[in-house]
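*Asks:* Provided herewith is a single structure, encoded as structure tokens, for subsequent inquiry.
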Amino acid sequence: MAITSSRGVILIHSAPRALCPHLEWAVGRALGRAVNFDWTDQPVLTGSRRAEFYWEGPVGSGAALASAIRGWEHLRFEVSEDPTPRSDGGRWMHTPGLGIHYAQTDASGNVVIGEDRVRYAMEVAAGDAFELQRELDVALGSAWDEELEPFRHAGDDQQIVWLHKVG
């Protein structure tokens with residue numbers, strides 16, 4: 001039986017400098033080979049570093065990678081695994097304050113909310129539109145997206161405008 005291969009990306013949005021070699025070691029161990037990241041300064045959080053790493057491995061490697069690096073404080077990251085003809089894709093997001101969030105993704109990278117999760121949200125909301133929106137925001141990982149968004153854009157080589165520092 002052939003092992004289905006998958007690929008994805010690890011986005012380390014912010015990591016303390018001292019943690020960087022440990023992250024490379026943990027990712028390499030999860031993938032079964034040594035890896036080196038191309039680290040750059042993270043302008044959103046002074047003293048932290050950021051990196052992108054594209055990976056290939058057996059289906060399920062995304063979960064293994066997220067598990068391998070999720071235990072450290074002060075670490076913000078995303079791991080994605082592309083879908084294959086035999087498996088769904090996935091996205092794992094982590095922030096220090098929120099912990100980890102997993103969502104299934106489709107071929108375009110959109111989050112897919114399963115039928116059971118939607119039914120649960122409707123049941124919990126019991127006709128309250130605001131509660132339904134809150135439950136769906138949780139399922140989509142909206143809080144994680146909001147917290148990670150400034151860190152994502154910091155890697156676009158764009159000047160960051162600090163609105164709280166204007167004036």
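The numbering of the sequence shown is our numbering, which starts it at 1 and goes up by one. The beta carbon of each residue, even a glycine, is placed where N, CA and C say it ideally should be.
1. If contact is defined by three or more beta carbon pairs under 8 Å, each pair taking one atom from either stretch, is the region 97 to 114 in contact with the region 30 to 44?
2. Measure from the alpha carbon of Ser14 to the alpha carbon of each residue in Pro43, Ala26 and Asp106, then state which is nearest.
3. Report all residues from its chain with a CB closer than 8 Å to the CB of Asp41; omit the five preceding and five following residues, and keep chain order.
4. Going by C-alpha distance, which of Glu131, Ser67 and Glu147 is nearest Leu23?
5. Expressed to the nearest angstrom, what Euclidean distance is found between the alpha-carbon atoms of Ala107 and Gly8?
6. On the CB-based measure, 16 or more other CB atoms within 10 Å of its CB, does His153 come out buried or exposed?
7. For Ile100, list the residues DSSP reports as bridge partners.
8. Which term fits Ala26, buried or exposed, when burial requires 16 or more other beta carbons within 10 angstroms of its beta carbon?
9. In chain order, what residues of the same chain have a beta carbon less than 6 Å from the beta carbon of Tyr102, not counting five sequence neighbours either side?
10. Counting along the chain, where does the alpha helix (DSSP H) carrying Trp25 start and finish?
11. What does a CB cutoff of less than 6 Å around Asp88 pick up in its chain, not counting 5 residues either side in sequence?
12. Have a look at Pro83 and Trp55 and give me their C-alpha separation to the nearest angstrom.
13. With distances taken Cα to Cα, identify the nearest neighbour of Phe151 among Ser6, Ala18, Glu131 and Leu45.
14. Beta-carbon within less than 6 Å of Thr4's beta-carbon, same chain only, minus the 5 sequence neighbours each way: which residues are those?
*Replies:* This is what the structure holds:
1. Result no; under three Cβ-Cβ pairs closer than 8 Å.
2. If we check each option's Cα against that of Ser14, Pro43 comes out closest.
3. Excluding sequence neighbours, Asp41 sits near Ser48, Arg49 and Arg50.
4. Looking at the Cα atoms, Ser67 is the closest of the given residues.
5. Pairing Ala107 with Gly8, the inter-Cα distance amounts to about 12 Å.
6. Under this definition His153 is an exposed residue.
7. In the DSSP output, where bridge partners are listed per residue, Ile100 has His94.
8. A residue is called buried once 16 or more other Cβ atoms fall within 10 Å of its Cβ, and Ala26 is buried on that count.
9. Excluding positions up to five away in sequence, the list reads Trp92.
10. Per DSSP, Trp25 belongs to the alpha helix (DSSP H) from Cys20 to Leu31.
11. Within the same chain, Asp88 has close Cβ partners Gln104.
12. Approximately 14 Å between the Cα atoms of the pair.
13. Comparing Cα-Cα distances from Phe151 to each of Ser6, Ala18, Glu131 and Leu45, the minimum goes to Leu45.
14. Within the same chain, Thr4 has close Cβ partners Val59, Thr84 and Arg86.
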